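What follows is a short report on a single structure.
There are 2 protein chains.
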Amino acid sequence: MPQQDIYSEYSFLLEKTSRRIKRYAQKQFVAFNFGVTVDQWMVMKHLYPSSQMSQSELAEITFKGTPTLTRIVDLLCAKGLAERMVDGQDRRKSQVHLTETGILKVENMQPKVSQIRKAAWNKLGEQDFEHFQYVLNTIYQNLSV
Amino acid sequence: MPQQDIYSEYSFLLEKTSRRIKRYAQKQFVAFNFGVTVDQWMVMKHLYPSSQMSQSELAEITFKGTPTLTRIVDLLCAKGLAERMVDGQDRRKSQVHLTETGILKVENMQPKVSQIRKAAWNKLGEQDFEHFQYVLNTIYQNLSV
DNA sequence: AGAATTTAATTGCTATGATAATTATTGCTA
DNA sequence: TAGCAATAATTATCATAGCAATTAAATTCT
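First to last, the sequence lines map onto chains A and B.
Heads up: the first sequence begins at 796 in the working numbering, then just goes up one per residue.
Heads up: the second sequence begins at 796 in the working numbering, then just goes up one per residue.
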């Protein structure tokens, strides 16, 4: 491995680990019969308990694109977990909110999801987290321009 | 933010950063007119200069699934950068190798890709990398069972 | 007010990720 | 050796990511 490729290796390890976390969580979601994907869950969590939010706002807060949000909200609505309401002030916007079923599902899932998410961080301590966050934030800012 | 959700936050930050690295690299690939995606590049790199590898081997080394490899190799073949050869010993396998064009493309891309990959890691030092790798590897192993 | 610009959401397209199912081939074993 | 299990690749399906283009509505600028 040539010296100049170490940065490719770091990027690869980062992507690999990120995918493993996602895959692990998704498998647990299936095992628990949650009936939603990890990404759908992330959107639901931000609407709990009774937030109204436009899709643009949801896209920004979940770091997804607006086309992706359209599709995720489509699926949540099809499952009866969320609903779109046309904004009174601005008819281009749809305010998304959870249905009663959606609220109950979040409440049912929340503690289990916390447990699932915790598994990745075993054997790691406060200092590890802090430094880890520092590195990730630095990378993030390095590529922000 | 409830205390138990900090692990979700860490996972989110990790995924967000991973996606930003990928997106940055892909945009640079387009800007340089490489004509291949980051994932296609990763496969090509492992075949350079004249390796023969089955798709299963490529899948494992790139941490992708075999369906994904099938499609990536399809695309590389369609672009004239790689070729499949039926394995002499085992006719289920196809040995994949770069064409002459593919070899030249890797040689052309390599130094530029190294530069692109380097950008993410600005302002970070040896110790940061080591600790970062330690954390990523720990996560990876935590979820390996 | 009317025209141009901006914004929110949607749609279309390509690529990737994950899983399940299928096909072809190989290896094992009773 | 006949049958069965394991393996390699492919195909199909669904979900997500990213980009470009479109539509509708709101805002801005003369």
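Backbone N, C-alpha and C define an ideal beta-carbon position, used for all residues, glycine too.
Nothing here was measured: the structure is a model prediction, and the numbers come from that model.
Chain-ordered neighbours of residue i on chain B, where CB pairs are closer than 7 Å
| i | result |
| --- | --- |
| Glu855/A | Chain B residues near Glu855/A: none, gap ~12 Å exceeds 7 Å. |
Cβ pair residue i, residue j closer than 9 Å
| i | j | result |
| --- | --- | --- |
| Leu870/A | Leu853/A | no |
| Arg814/B | Ser803/A | no |
| Asn917/A | Leu808/B | no |
| Gln823/A | Ile867/A | no |
| Thr857/B | Met837/B | yes |
| Thr812/A | Tyr819/B | no |
| Phe927/B | His926/A | yes |
C-alpha gap between residue i and residue j, whole angstroms
| i | j | result |
| --- | --- | --- |
| Thr896/B | Gln922/A | 49 Å |
| Leu876/A | Gly875/B | 47 Å |
| Gly920/A | Met839/A | 29 Å |
| Ile816/A | Ser806/B | 7 Å |
| Asn937/A | Val930/A | 10 Å |
| Phe827/B | Val833/A | 34 Å |
| Ala915/A | Pro862/A | 30 Å |
| Glu878/B | Val825/A | 38 Å |
| Cys872/B | Val831/B | 12 Å |
| Ser909/A | Asp800/B | 6 Å |
| Gln905/B | Phe829/B | 11 Å |
| Glu855/A | Ser939/B | 32 Å |
| Arg887/A | Lys907/A | 36 Å |
| Glu810/B | Gln821/B | 16 Å |
| Gly883/A | Gly860/A | 24 Å |
| Met796/B | Asp885/A | Unreliable placement is indicated for Met796/B, whose pLDDT of 48 sits below 50; no coordinate value is reported for it. |
Simplified DSSP assignment, three categories, for residue i
| i | result |
| --- | --- |
| Ser845/B | coil |
| Arg815/A | helix |
| Ser889/B | strand |
| Val881/B | strand |
| Val831/B | coil |
| Phe927/A | helix |
| Asn917/B | coil |
| Phe824/A | helix |
| Gly860/B | coil |
| Ser939/B | coil |
| Gly875/B | coil |
| Thr865/A | helix |
| Thr933/B | helix |
| Thr896/B | helix |
| Met796/B | Residue placement at Met796/B is flagged as unreliable, the pLDDT there being 48, under the threshold of 50; the coordinate-derived value follows with that caveat. DSSP places Met796/B in coil when its eight states are reduced to three. |
Under 9 Å from the C-beta of residue i: neighbouring residues of chain B
| i | result |
| --- | --- |
| Ser806/A | Ser813, Ile816, Lys817, Ala820, Arg912, Ala915, Trp916 |
| Phe858/A | Phe807, Glu810, Lys811, Arg814, Arg815 |
Chain B contact residues for residue i, given Cβ-Cβ distances below 8 Å
| i | result |
| --- | --- |
| His926/A | Asp923, His926, Phe927, Val930 |
Residue i: contacting residues in chain A (beta-carbon distance under 8 Å)
| i | result |
| --- | --- |
| Ile867/B | Per Cβ cutoff of 8 Å: no residues; Ile867/B is ~15 Å from chain A at best. |
| Asn937/B | Ala914, Ala915, Trp916, Asn917, Lys918 |
Under 7 Å by beta carbon: chain A residues contacting residue i
| i | result |
| --- | --- |
| Thr933/B | Lys918, Leu919 |
Distance cut-off 8 Å: residue i Cβ against heavy atoms of the ligand ATP
| i | result |
| --- | --- |
| Leu853/B | No copy of the ligand ATP occurs in the structure displayed, which carries no ligand at all. |
> Touching or not, the segment 843-858 of chain A and the segment 883-902 of chain A, by the rule of three or more beta carbon pairs under 8 Å?
Replying inline: Judged by Cβ distances under 8 Å, the segment 843-858 of chain A makes contact with the segment 883-902 of chain A, as three or more pairs qualify.
> At a cut of 8 Å, does the segment 901-915 of chain A reach the segment 832-845 of chain A through at least three beta carbon pairs?
Replying inline: yes
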